[in-house]
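What follows is a single structure, written as structure tokens, with notes after it.
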Amino acid sequence: MTTPSMRVLSLIPPMTQLNTPYPSTAYITGFLRSRGVDAVQADLALALVLKLFSPAGLESVRSHALAQAEAKRSASVHAFLDQFARYRATIGLVIAFLQGRDSTLAHRIAARELLPEGPRFAALEVYVDAALSEEGGDPLAWAFGALGVQDKARHIATLYLNDLADVLRDAVDERFAFVRYAESLASSQPTFEPMAAALAAPFTLVDEVLHTLTLATLSQHKPDLVLLSVPFPGALYASLRIAQTIKAQNPHIAIALGGGFVNTELRELAEPRLFDLVDFVTLDSGERPLLALMEYLQRKRSKQRLVRTFVREEDTVRYINFVEPEVPFEEVGTPTWDGLPLDRYLSLLDMLNPMHRLWSDGRWNKLTVAHGCYWKKCSFCDVSLDYISRYETASAATLADRIETIVNETGQTGFHFVDEAAPPKALKALADELISRQLPISWWGNIRFEKTFTPELCQLLADSGCIAMSGGLEVASDRLLTLMKKGVTVEQVARVTKGFSDAGILVHAYLMYGFPTQTVQDTVDALEYVRQLFENGCIQSGFFHRFSCTVHSPVGLDPAAYGIELIPLPPVTFAKNDIGFIDPSGVDHEALGVGLRKAIYNYMHGIGLDEDVRAWFSHVPGKVPKTTVGRNRIAKALTQPA
Numbered sequence: 003m004t005t006p007s008m009r010v011l012s013l014i015p016p017m018t019q020l021n022t023p024y025p026s027t028a029y030i031t032g033f034l035r036s037r038g039v040d041a042v043q044a045d046l047a048l049a050l051v052l053k054l055f056s057p058a059g060l061e062s063v064r065s066h067a068l069a070q071a072e073a074k075r076s077a078s079v080h081a082f083l084d085q086f087a088r089y090r091a092t093i094g095l096v097i098a099f100l101q102g103r104d105s106t107l108a109h110r111i112a113a114r115e116l117l118p119e120g121p122r123f124a125a126l127e128v129y130v131d132a133a134l135s136e137e138g139g140d141p142l143a144w145a146f147g148a149l150g151v152q153d154k155a156r157h158i159a160t161l162y163l164n165d166l167a168d169v170l171r172d173a174v175d176e177r178f179a180f181v182r183y184a185e186s187l188a189s190s191q192p193t194f195e196p197m198a199a200a201l202a203a204p205f206t207l208v209d210e211v212l213h214t215l216t217l218a219t220l221s222q223h224k225p226d227l228v229l230l231s232v233p234f235p236g237a238l239y240a241s242l243r244i245a246q247t248i249k250a251q252n253p254h255i256a257i258a259l260g261g262g263f264v265n266t267e268l269r270e271l272a273e274p275r276l277f278d279l280v281d282f283v284t285l286d287s288g289e290r291p292l293l294a295l296m297e298y299l300q301r302k303r304s305k306q307r308l309v310r311t312f313v314r315e316e317d318t319v320r321y322i323n324f325v326e327p328e329v330p331f332e333e334v335g336t337p338t339w340d341g342l343p344l345d346r347y348l349s350l351l352d353m354l355n356p357m358h359r360l361w362s363d364g365r366w367n368k369l370t371v372a373h374g375c376y377w378k379k380c381s382f383c384d385v386s387l388d389y390i391s392r393y394e395t396a397s398a399a400t401l402a403d404r405i406e407t408i409v410n411e412t413g414q415t416g417f418h419f420v421d422e423a424a425p426p427k428a429l430k431a432l433a434d435e436l437i438s439r440q441l442p443i444s445w446w447g448n449i450r451f452e453k454t455f456t457p458e459l460c461q462l463l464a465d466s467g468c469i470a471m472s473g474g475l476e477v478a479s480d481r482l483l484t485l486m487k488k489g490v491t492v493e494q495v496a497r498v499t500k501g502f503s504d505a506g507i508l509v510h511a512y513l514m515y516g517f518p519t520q521t522v523q524d525t526v527d528a529l530e531y532v533r534q535l536f537e538n539g540c541i542q543s544g545f546f547h548r549f550s551c552t553v554h555s556p557v558g559l560d561p562a563a564y565g566i567e568l569i570p571l572p573p574v575t576f577a578k579n580d581i582g583f584i585d586p587s588g589v590d591h592e593a594l595g596v597g598l599r600k601a602i603y604n605y606m607h608g609i610g611l612d613e614d615v616r617a618w619f620s621h622v623p624g625k626v627p628k629t630t631v632g633r634n635r636i637a638k639a640l641t642q643p644a
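What follows is the structure, given as structure tokens:
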């Protein structure tokens, strides 16, 4: 066992999410504590936002905006400057309200007279519909009714924050966003040059605030080892700014970089300059590499016995992987949120859809039912990587013990199971265990829409506290689902999702367009299927993603099998993931994507379900074909046995 003399600080970097802590630090802190390590954690993403979105922070933003040439100011910046006094007077109130500390403010916010309104409020006009709102009436009344004051106010407050985020982007740092912050500097960047240039540039206001917060966190925790978890490309720039500050303040503090972005994009890392900022880069599940790394730092093992770790030796990057057994999923310990300010997260309401809001609304305890994916066949997925390929489960009793421990620690009973695809057998066992223990929680997660989820099982899951499920329908085409190796059919998905909906469980469908060989006809037919799924109450929410070919997926590994040709990548020393391809079909998927996204947005708000799906593609050049899907195809499928 590692002696507890080393203090390990795990950091959540900007930007991840604002309503709940990203779970990586909670997972690793809980694991390290279970092994006797002095482990602590901090969320610099939340801290950064709370500093910027404060009266003093807005004063600084205003100074930057005023220094900008008037001709270059965006509409957002003009609106901010014109109404600055109101923004400064209300920002503290809005933050407190979204943190749940001042609920009675909802009445004034909902009246739309307290808060200044910038360009983002134009989005409310999409809700004005002759059938839903009388002329001169409230365009939100149909969504919230007479009594939904709290939700209406949070939606308005969220638009207010989005306006301010646009001001930060337009006047302070063009890379700023609540998500995807400086993403283009990291995502599939073959070289380190863009990131190096950005890190060498003078600090922006955002950088200055992050620098100050990092120094304060170091002073508070005095770590020997800092772990930077980078789940997305949009968290790397800020992570490296944090590392830059740490190295300038105390170069003797060891820094390790890991997380989802690293695991997918830095597997062929050969860039020595990254190690001016960090000392180690680890791949895949962090438990075993960290145990080895700490033993190395404590001089209890040699460098040659590091596990899945990149280091720099002289001016060359070296990958060391001394093979040792993984820490079993049953033994990774219970996540802990100790040290994170759970009362300061912001419950946002970006969209009015009841399912879609779950991603930004409420503070959810994150937990994993099983490591990896039990299916691991989907041709668009990174099935060759550890986070998908290594499938392990824990017993229902162990999971329920973890749930009870987390509820006792946080005082909150909402759980988001963050599996790639939670296995139905494990969910059934967990549901039985929760019911037998009379443990009242609310939970939601991600699954495959497979026929194992019978109406009876759906009801059992609902009885155990399940409120929502998301899953991949991808392209609603049996031909393409077969090519994707999804193992489901459209009609099967309809019956499964209807079973969930009938049990009172909300359903979100992940959708895809632009898959190899997908034609315009396929796209039109897929949207017709999706329309019917909404119409028949099978799903309540959805989102269309553009297909992206990755080097670790079956499509990327064997493109000829999918009828495409890969575009050769330049020499890669840094990030490698997405890869371009040539699809001989020649379909303009970008143009179709505009219509798909517009359609799904309206469907989620109950609008346009009676329209011919071709209406959403009126901007597409040429004639869009009529759907070949029967108008009542899904309704008929629902009457058939599974």
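Heads up, the sequence shown is in my numbering, so the first residue is 3 and it goes up one at a time. Idealized CB from N, CA, C, for every residue including glycine.
- As computed with DSSP, residue 488 is found in no beta bridge at all.
- Taking all protein chains in view, the Cβ of residue 248 is crowded by 16 or more other Cβ atoms within 10 Å, so the residue is classified as buried.
- Nearest to residue 452 by C-alpha distance, out of 225, 177, 484, 490, is 490.
- Checking the DSSP bridge columns, you'll see residue 42 partnered with 11.
- The residues 423, 450, 489, in chain order, have a CB closer than 7 Å to that of residue 377 in the same chain once the five nearest residues on each side in sequence are set aside.
- Inter-residue distance for residue 454 and residue 126 is about 41 Å (C-alpha atoms, whole angstroms).
- Closest in C-alpha terms to residue 236, from the list 617, 622, 16, comes 16.
- Here the region 321-328 makes no contact with the region 107-127; the two share fewer than three CB pairs at distances below 8 Å.
- Residue 82: member of the alpha helix (DSSP H) spanning 77-84, first to last residue.
- For residue 543, no alpha helix (DSSP H) run applies; the uninterrupted beta strand (DSSP E) run containing it begins and ends at 543-548, by DSSP.
- Between residue 528 and residue 478, the C-beta gap is smaller than 9 Å, which places the two residues in contact.
- Taking 9 Å as the cut-off, the Cβ atoms of residue 400 and residue 373 do not count as close.
- Given a length threshold of 3 residues, each whole run of the beta strand (DSSP E) inside the region 195-282 is given here in chain order: 227-231, 256-260.
- Assigned with DSSP and collapsed to three states, residue 321 falls in strand.
- Under DSSP, residue 312 forms a beta bridge with 283, 321.
- Comparing alpha-carbon positions, the option among 272, 282, 338, 307 lying closest to residue 318 turns out to be 272.
- For the 9 Å CB-CB criterion, residue 448 and residue 466 do not form a contact.
- As a beta-bridge residue in DSSP terms, residue 514 pairs with 547.
- Taking all protein chains shown into account, residue 634 has fewer than 16 neighbouring C-beta atoms within 10 Å of its C-beta and is therefore exposed.
- Note on residue 257: 16 or more other CB atoms within 10 angstroms of its CB, so buried under the neighbour-count rule.
- Annotation for residue 471: no alpha helix (DSSP H) segment contains it, though the beta strand (DSSP E) segment containing it runs 468-476.
- According to DSSP, residue 368 shares a beta bridge with 418.
- When DSSP states are grouped into helix, strand and coil, residue 115 belongs to the coil group.
- In this structure, residue 31 lies away from residue 56, with their beta-carbon atoms at least 9 Å apart.
- In the structure shown, residue 447 adopts extended strand secondary structure according to DSSP, grouped into three states.
- Minimum Cα-Cα distance from residue 381 among the listed residues 204, 621, 555, 28 corresponds to 555.
- Following the DSSP letters along the chain, one finds residue 329 in no alpha helix (DSSP H), marked with neither H nor E.
- Counting along the chain, residue 596 sits inside the alpha helix (DSSP H) bounded by residues 591-606.
- One alpha carbon belongs to residue 344, the other to residue 370, and they sit about 20 Å apart.
- Residue 349 and residue 102 do touch by the CB rule: their CB atoms are close to 7 Å apart, below 8 Å.
- The three-state reading of DSSP puts residue 629 in coil, since its state is none of H, G, I, E or B.
- Segment contact: the region 602-612 against the region 349-364, three or more CB-CB distances shorter than 8 Å; contact assigned.
- In the three-state reduction of the DSSP assignment, residue 30 falls in the helix class, which pools H, G and I.
- Secondary structure at residue 395: strand, using DSSP grouped into helix, strand and coil.
- Take the alpha-carbon of residue 576 and the one of residue 190: they are about 8 Å apart.
- Distances from the CA of residue 533 to each of 610, 470, 523, 173 were compared; the closest alpha carbon is that of 610.
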